[in-house]
Structure formats: C-alpha cells, structure tokens
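Asker:
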Amino acid sequence: MRPRAIVLLSGGLDSTTCLAWAQARYECIALSFMYGQRSTTELDAARALTKQAGVEHRVINIDLGNLGGSALTDHNIEVPDHEQEGIPVTYVPARNTIFLSYALAAAEVFDAQAIVIGINAVDYSGYPDCRPEFIDAFANMARLATKVGVEGKPLKFETPLLHLSKANIIRLGMEHGVDYANTVSCYQADDQGRACGKCDSCRLRKQGFADADVADPTRYIPN
Numbered sequence: 001m002r003p004r005a006i007v008l009l010s011g012g013l014d015s016t017t018c019l020a021w022a023q024a025r026y027e028c029i030a031l032s033f034m035y036g037q038r039s040t041t042e043l044d045a046a047r048a049l050t051k052q053a054g055v056e057h058r059v060i061n062i063d064l065g066n067l068g069g070s071a072l073t074d075h076n077i078e079v080p081d082h083e084q085e086g087i088p089v090t091y092v093p094a095r096n097t098i099f100l101s102y103a104l105a106a107a108e109v110f111d112a113q114a115i116v117i118g119i120n121a122v123d124y125s126g127y128p129d130c131r132p133e134f135i136d137a138f139a140n141m142a143r144l145a146t147k148v149g150v151e152g153k154p155l156k157f158e159t160p161l162l163h164l165s166k167a168n169i170i171r172l173g174m175e176h177g178v179d180y181a182n183t184v185s186c187y188q189a190d191d192q193g194r195a196c197g198k199c200d201s202c203r204l205r206k207q208g209f210a211d212a213d214v215a216d217p218t219r220y221i222p223n
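In this text, residue positions in the sequence shown follow my numbering: the first is 1, and each later residue adds one.
1. For residue 49 and residue 128, I'd like the C-alpha separation in whole angstroms.
2. How far does the alpha helix (DSSP H) with residue 174 in it reach, from first residue to last?
3. Go through the region 36 to 115 residue by residue and report every complete run of the beta strand (DSSP E) that reaches 3 residues or more, in order.
4. Keeping to the same chain, check which residues put their C-beta closer than 7 Å to that of residue 148; ignore five residues upstream and five downstream.
5. I want to know whether the region 103 to 120 touches the region 129 to 142 - three or more CB-CB distances under 8 Å.
6. Measure the Cβ-Cβ separation of residue 66 and residue 36 and say whether it is below 8 Å.
7. Is the separation between the beta-carbon of residue 178 and that of residue 45 shorter than 8 Å?
8. Going by CA-CA distance only, name the one from 174, 164, 111 that's closest to residue 224.
9. Taking the alpha carbon of residue 98 as the point to measure from, which residue in 32, 41, 20 has its own alpha carbon closest?
10. Since I believe residue 74 is in contact with residue 208 (beta carbons under 8 Å), could you give me their beta-carbon distance rounded to a whole number of angstroms?
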C-alpha cells in the first residue's frame, strides 16, 4: 500500500498542482475550507477537481469572516488592484496555521504519513505564513503535539512548490496533466468562477503563464 497524505486544496493553481504532484506519490485525501472567503467558486473548483481525480474530499467550515481583518473575509475592505508594499490587506490572519492544524488532526485520524501544502516563497503576495521558517516551526510543533510525533513517527510536511517560480509551478503541473482551466485563483471571482484579472493573485497567475510560454486558460470577467 502507498503512504497516505492530507493535501490542502483551495481549488486554485498552486494547490491543484500540489494535488497532482501528491497523487503520483501518495494515496490522497484533500482538505478544503469554507472560511468566510469573499469568493467560494474556488471550492466548486476543488469539488470538481477531486471528483474527476477520484480523490476523497473533505470541506471544513470555519467562520473567519466573523473576525474579519482581511480583504478576503471582510467586504468592507476592498481587494486592491495594484501591488502593495509590505504585507497586503488580502493576508488572512493565521490562515495557514489554522488550516495546517486541521490537516494535522486529519492526518492522525486517517493515519496519514504526510501533509502537502502549496505554499510558495518566490512568486507570492508576501504573506508571513508562506515562508520556509513557518513550515519548519510548525513541523517542530507537530512533533511535540501529536501522538505520532511523540511515538517517534513524525509527519512529513511536503512543500513541493516552496522554491518554484509561478512559471515553473505551471510547468510542473503540465507535466502531471493538470488542466488549469478548471482552477480558480482570483480573490474575487464571480459566481461563474470568472477572474477579475486585477487582483494580486490574478496578476501573478497571468504573469506565470506568460513566463512559462503557456496559453492562459483563465476565464476573465469582460471589461
């Protein structure tokens, strides 16, 4: 039997690439979150992707929108259409810490040996929880806080995209047969999953396809 992995899946470009990468190595269970985000069509994409891939999919409900503090969870804060200095308002406080904590619980429940997350420290928005230091610290905490950790069988934290440019992430996905037309990355996609083409995520995605010399299959909202 192949080892099992919990894969964090948003339905976007990076996490879908991670799922395809992980499927070549693990029996996968995908974990997605309804956390009060501005656009939920990415979850529709995640559901469709896992169904097509034949991967078990769990969706966890967390009301981070009740806290606000981010343009992605508070409709009173506008999603910027230009690059910002420092940590942008689209940063959701402690989001990856919360997601990984759920993944940690799922890994113990489903006897998984690894957790796969698509964080990236190259072409990204500057979020503090997308850095290698964060993953190293979380993995160390997990060794101390879990049954498998204290029994000497700590979970492996896989970050296959950590040091890749967006173009190389796309190339990796193409090698694994990812159809990026089925992914949604936009921070404020409409009900049809069409992208705004202006937010930070859209800009990085669009530039990634251009740099990879791959036709951009993203459906955009008409101007």
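Virtual Cβ for every residue (Gly too), placed ideally from N, Cα, C.
Answerer: Inspection of the coordinates gives the following:
1. Counting from 1 along the sequence shown, the entry for residue 49 is found at position 49. Counting from 1 along the sequence shown, the entry for residue 128 is found at position 128. Straight across, the Cα-Cα distance linking residue 49 with residue 128 is about 28 Å.
2. Numbered from its first residue, the sequence shown carries residue 174 at position 174. First-last of the alpha helix (DSSP H) with residue 174: 166 to 175.
3. You should have 56 to 61.
4. Position 148 of the sequence shown, counted from the first residue, corresponds to residue 148. Within its own chain, the residues whose Cβ lies closer than 7 Å to the Cβ of residue 148, once the five positions on either side in sequence are excluded, are 108, 154, 155, listed in chain order.
5. Yes: at least three Cβ pairs fall under 8 Å.
6. For the purposes of this step, residue 66 is identified with residue 66 of the sequence shown, where counting begins at 1. For the purposes of this step, residue 36 is identified with residue 36 of the sequence shown, where counting begins at 1. For the pair residue 66 and residue 36, the CB atoms are nearer than the 8 Å cut-off.
7. As a working note, residue 178 is residue 178 in the sequence shown. As a working note, residue 45 is residue 45 in the sequence shown. No, the pair does not count as a contact, with Cβ atoms beyond the cut-off.
8. Look at the range of the chain in this structure, 1 to 223, and you will see that residue 224 is not part of it.
9. Here residue 98 corresponds to residue number 98 of the sequence shown, with the count starting at 1. Ranking the options by Cα distance to residue 98, first place goes to 32.
10. Taking the sequence shown and counting its residues from 1, one reaches residue 208 at position 208. Taking the sequence shown and counting its residues from 1, one reaches residue 74 at position 74. In this structure residue 208 does not touch residue 74 by the C-beta definition: roughly 28 Å separates them, more than the 8 Å allowed.
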